[in-house]
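**Q** Please find one structure pasted underneath; my questions will follow.
Numbering (our numbering), first residue to last: 11 to 225.
Structure (structure tokens):
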């Protein structure tokens with residue numbers, strides 16, 4: 011990639027910026043997901059390489075700007091993994107019993123890191139999520155947080171209905187139901203992605219407002 015970007019290299023690669031290749035990152039991620047969904051592991055190997063290329067590309071742009079390089083990227087994630095797994099890399103007697111305990115500790119350490127950077131959000135109920143998340147993934151993560159906070163019965167949705175829907179649910183039925191909802195939305199001119207995101211965001215705002223009023 012350094013040679014492609016250097017004088018005498020590839021004119022296309024030389025012209026690219028973080029912004030111009032951002033879409034490639036999304037597309038390559040989608041192709042990795044497709045390989046996983048189809049359980050095509052030969053294709054997965056190839057697509058992971060394409061995804062890795064995007065990481066290399068962005069790191070190369072930053073190396074040219076003198077801010078960081080690929081080694082810095084690798085070092086930082088290595089240090090983060092060690093820091094957030096003290097039960098593995100720290101005291102041998104400090105072990106976690108299950109995955110939920112590991113996640114809880116990970117979140118606590120992550121919160122401490124943010125606080126050290128001056129990004130303290132300890133007064134917030136819900137942790138910040140990237141605004142670019144697909145609406146279904148956003149809703150899933152918010153509902154997970156709501157359950158952890160024992161707020162699943164306090165929202166504007168009917169959690170009893172959720173429990174009823176969950177009975178006997180499988181991937182095929184979910185796919186069919188979601189497809190029919192998307193088709194119905196299209197028929198009446200509603201963007202289902204936007205509708206779900208707006209509702210989920212409204213629940214976050216509601217719970218955060220209640221939390222502030224109690225504080």
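Cβ coordinates follow ideal geometry from the N, Cα and C atoms, glycine included.
These numbers come from a predicted model, not from an experiment.
1. Please look up how many angstroms separate the CB atoms of residue 139 and residue 218, rounded, as I've assumed it's under 8 Å.
2. Entirely within the segment 30-102 and at least 4 residues each: give me those alpha helix (DSSP H) ranges in chain order.
3. Are the segment 56-71 and the segment 24-31 touching by the rule of at least three beta carbon pairs closer than 8 Å?
4. Just mark residue 179 as buried or exposed, buried being the case when its beta carbon has 16 or more other beta carbons within 10 Å.
5. Taking only three categories from DSSP, how would you classify residue 127?
6. Per DSSP, what kind of secondary structure is residue 17 in: helix, strand or coil?
7. Thinking residue 41 and residue 57 are a contact (beta carbons under 8 Å), I'd like their distance in whole angstroms, please.
8. Would you kindly check if the distance between the Cβ of residue 80 and the Cβ of residue 73 is under 9 Å?
9. In angstroms with no decimal places, state the Cα-to-Cα distance between residue 224 and residue 35.
10. With 16 as the cutoff for other CB atoms within 10 Å, does residue 210 come out buried or exposed?
11. From this set, 158, 165, 175, which residue's C-alpha is nearest residue 214's C-alpha?
12. Could you compute how far the alpha carbon of residue 39 sits from the alpha carbon of residue 161?
13. Residues in its own chain within less than 8 Å of residue 195 by CB, not counting five upstream and five downstream?
14. Assign residue 185 to one of three DSSP states: helix, strand, or coil.
15. Just the Cα atoms here: how many angstroms apart are residue 168 and residue 146?
16. Among 128, 92, 71, which has the Cα closest to the Cα of residue 115?
17. Would you please state the rounded distance, in angstroms, between the beta carbons of residue 148 and residue 207? I believe it to be under 8 Å.
18. Going by Cα to Cα distance, which pick from 61, 32, 31, 186 is closest to residue 45?
19. Quick one, which of 111, 123, 59 has its alpha-carbon nearest residue 97's?
**A** Result, derived from the coordinates:
1. At roughly 13 Å, the Cβ-Cβ gap does not stay under 8 Å, so residue 139 and residue 218 are not in contact.
2. 51-75, 80-93, 96-99
3. yes
4. exposed
5. coil
6. coil
7. 5 Å
8. yes
9. 42 Å
10. buried
11. 165
12. 33 Å
13. 201, 202, 205
14. helix
15. 18 Å
16. 92
17. 6 Å
18. 61
19. 111
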